[in-house]
Amino acid sequence: HSGRQLQFEITQFGDNDRLMIVYDITRLHNLEQMRKDFVANVSHELRTPLTVLSGYLETLQDQHEGIEPRWLRALGQMAQQATRMNNLVNDLLLLSRLENQPEDREPHIVHVPRMLKQIHQDAVALATPKQQTVTLECEPGLCVLGMEADLRSAFSNLVTNAVKYTPNGGVVAVRWLADGQGAHFSVTDNGLGIDEVHLPRLTERFYRADAARSSATGGTGLGLAIVKHVLMQHKATLDIQSELGRGSRFTCSFMPTLIERET
Ligand code: ADP
169 HSGRQLQFEI
179 TQFGDNDRLM
189 IVYDITRLHN
199 LEQMRKDFVA
209 NVSHELRTPL
219 TVLSGYLETL
229 QDQHEGIEPR
239 WLRALGQMAQ
249 QATRMNNLVN
259 DLLLLSRLEN
269 QPEDREPHIV
279 HVPRMLKQIH
289 QDAVALATPK
299 QQTVTLECEP
309 GLCVLGMEAD
319 LRSAFSNLVT
329 NAVKYTPNGG
339 VVAVRWLADG
349 QGAHFSVTDN
359 GLGIDEVHLP
369 RLTERFYRAD
379 AARSSATGGT
389 GLGLAIVKHV
399 LMQHKATLDI
409 QSELGRGSRF
419 TCSFMPTLIE
429 RET
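Structure follows, in structure tokens:
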């Protein structure tokens, strides 16, 4: 209606009376769009300077003859922080893209077992120095209709988190199985767990259950926000079960109508 964003709330009184409240949320909507555009533009603009910085840092580290050890250590730290910033910018760009939901992205049949094999291999590489075990249980040929790159980001975020927030010697179990309710991707760990007060806010951007602990792991605080948006796009749900000190289970459930089976 003439470019305005309206929200309706209807309440029924008795049999015949209804009250309709109309909210004009145009301004709120425009402000929200400005915020999204701003984040997207800043992230995009940060990319080039970061690439240049990282490139020169790498060259300096490679040609380190004559550089004092303390400056070499400083270079190492600079490179580490540049990588961290790069991850942050990439996560922000992905989140912006997911929020703006461009229509040009068509869902395809995604062969999840194949994708998980790769994600599992990467997780094993990350878990081996921590003497952790990562298991994978997959229904062969169980595919889903969706956006492959986004699903890969979401699943790999959940697996990486499980490895990150599980102490040495722990176990991470990755499953992709179907039942009458749909297809379920779950990651179970016996790690640090999350206090229930944090659970409702866990998928907010930059929200961290324990700031000190999380900053040591070098995450961006955007992983679960990305997971939430990817799942929303697939009309899938995220369920989080967790107990402090015992471990967590993150489950993504996809509707039966999205399931495809490779014969
Ligand atoms: P981060 O980059 O900090 O990992 P995420 O958005 O992926 O950001 O996760 C948000 C917070 O949720 C983390 O900082 C951590 O406190 C908590 N968290 C996520 N996954 C787990 C897990 N498997 N076990 C315990 N805590 C977790």
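In the UniProt record's numbering, the protein residues as written are 169 to 431. Idealized CB from N, CA, C, for every residue including glycine.
Exercise. Compute the Euclidean distance between the alpha carbons of R186 and L196, then round it to the nearest angstrom.
Key: 27 Å
Quiz prompt | DSSP-derived helix/strand/coil call for A247 | solution = Three-state result, A247: helix.
Practice problem: Would you check whether ligand 1 has a heavy atom nearer than 7 Å to the C-beta of N336? | Solution: no
Practice problem: Have a look at the DSSP bridge pairing and note the partners of R429. | Solution: By DSSP's assignment, R429 forms a beta bridge with L310.
Quiz item: Three-state secondary structure (DSSP) at residue 136?
Solution: Nothing can be reported for residue 136: it is not among the residues displayed for the chain, which extend from 169 to 431.
Quiz item: Thinking C-alpha only, which one of V327, A317 and Q180 is nearest Q401?
Solution: A317
Quiz item: So, are the CB atoms of T419 and L256 less than 8 Å apart?
Solution: no
Practice problem: Assess, as a yes-or-no matter, whether the stretch 395-411 is touched by the stretch 300-308 under the definition of 3 or more beta carbon pairs within less than 8 Å. | Solution: no
Practice problem: Would you please state the rounded distance, in angstroms, between the beta carbons of T334 and D363? I believe it to be under 8 Å. | Solution: That pair is no contact at about 16 Å.
Quiz prompt | Cα-Cα separation, M202 to Q269 | solution = 15 Å
Quiz item: Apart from the five residues on each side of it in sequence, which residues of its chain come closer than 8 Å, Cβ to Cβ, to Q349?
Solution: Non-local C-beta neighbours of Q349 in its own chain, meaning closer than 8 Å and more than five positions away in sequence, comprise S421 and P424, ordered along the chain.
Quiz item: With a CB to CB cut of under 7 Å and the five nearest residues on each side skipped, what residues in its chain are close to L304?
Solution: L284, H288 and V342
Self-check item: Delimiting residues of the alpha helix (DSSP H) encompassing R282
Solution: Per DSSP, R282 is one residue of the alpha helix (DSSP H) stretching across V280 to A295.
Quiz prompt | Rounded C-alpha distance that separates L221 from F176 | solution = Annotation: L221 to F176 spans about 50 Å, alpha carbon to alpha carbon.
Practice problem: Buried or exposed for A291, please, with buried defined as at least 16 other CB atoms from any protein chain shown within 10 angstroms of its CB. | Solution: buried
Quiz item: Just how far apart, CA to CA, sit Q229 and G244?
Solution: About 8 Å.
Quiz item: Is any heavy atom of ligand 1 found at a distance shorter than 7 Å from the C-beta of A330?
Solution: Answer for A330: yes, Cβ within range of ligand 1.
Exercise. Starting from the C-beta of L360, find all residues in its chain whose C-beta is less than 6 Å away, skip the five residues before and the five after it, and write them out in chain order.
Key: Y333
Quiz item: At which residues does the alpha helix (DSSP H) containing G223 begin and terminate?
Solution: Taken as a continuous stretch (DSSP letters only), the alpha helix (DSSP H) holding G223 covers T194 to D230.
Exercise. Just list the alpha helix (DSSP H) runs in the stretch 339-425, keeping only unbroken ones of 4 residues or longer that don't cross its boundaries, in chain order.
Key: 379-385 and 391-401
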